[in-house]
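For the sequence shown, position 28 matches number 22 in the working numbering, and the numbering has no gaps at all.
Every residue, glycine too, gets a C-beta built ideally from N, C-alpha and C.
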Amino acid sequence: MSGLKEVIYCEVCSYPPDYCEFSGKLKRCKKWLNETHPDLYAKLYGDSGDDEVTNLGKKLVESSIGEERENKLEADLLKLQKREENKEQRELAKKLSSKVIIKREARTKRKFIVAIQGLEVFEIDMKKLAKTFASKFATGCSVSKNAEKKEEIVIQGDVIESVESYIQQLLAEKGLQDVKVEVIDTKKKKKPTTNSTESK
C-alpha cells in the first residue's frame, strides 16, 4: 500500500483543480493555478503553446456559461447593494425631515399631561421609553394612539421642559440632532377676572 496522497484545493472555489470547471469560476481558478502550481496547470490545461487546439480550448473556457453566470451574479449583487444604499439614504432623509411634537395639555384645574408624537419614525421602542419616563419623573406614563391613529407617549404631570431636553439628548445619541423638536403649550389661560366693586 502506498503512502497518503497530498490533495491540492483551489483557493478560489475550494474544489480540487480537476473540478474547478464545475465551480463557475474557471477563469479565476486557472489564473490562480497557473501562478501557484504551474506544473499542475500544464498537466491539466496543457502548456500555453500557440497550437490551434489550445487556443480554441482557451476561447471556449473564457466564454463558458459559468463565467457569464458569475459576471451576471456580480452585477446583480452590485445593483442590490446600490438599492440598499439608496433605501438607507431615503430613510435617513425621511427621519431628518420629520419632527417630534411635544404637547402640554391642561386636564382639570392644575393637572396637566404631556403628549409626545412622531417618535415612531426613529425606531425608538415607545413602550421602553414610556417606562423610562415613568421611573424618571415618578409619574404615570403610557403609550396610546392619537386621533391620527399614530402612537404617542402620554405622561401625567407638567414635565415638558425635562421631556424636551431628554428627547433632544436621545436624538443626539442616534446622530439625529438636526431633527426638529416642536414644543406646543396648550396651557389654559386664566380668564381675566373683573372686579365688580371697582366699577361702582
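Could you tell me the alpha carbon to alpha carbon distance between residue i and residue j, rounded to whole angstroms?
i    : j    : result
I161 : D179 : 16 Å
K93  : C14  : 56 Å
Q75  : K81  : 10 Å
I195 : E79  : The structure shown has nothing for residue 195, since the chain only spans -5 to 194.
C4   : R63  : 20 Å
V177 : R77  : 36 Å
E29  : A36  : 11 Å
L67  : D119 : 38 Å
G112 : A132 : 23 Å
Y9   : S17  : 8 Å
E167 : A69  : 37 Å
L27  : P11  : 8 Å
S138 : E117 : 17 Å
R104 : I110 : 20 Å
Please report the Cβ distance between residue i and residue j, rounded to the nearest whole angstrom; I am assuming they are in contact, meaning their Cβ atoms lie under 8 Å.
i    : j    : result
I96  : V108 : 6 Å
A128 : C135 : 4 Å
R98  : D172 : With a Cβ gap of about 24 Å, R98 and D172 do not count as contacting.
L123 : I147 : 6 Å
R22  : V6   : 5 Å
Bridge partners for residue i per DSSP, in chain order?
i    : result
I265 : The structure shown does not extend to residue 265, since the chain is modelled only from -5 to 194, so the question has no answer here.
Let me know the alpha helix (DSSP H) ranges lying completely inside the region 105 to 152, each 4 residues or longer, listed in chain order. 120 to 131
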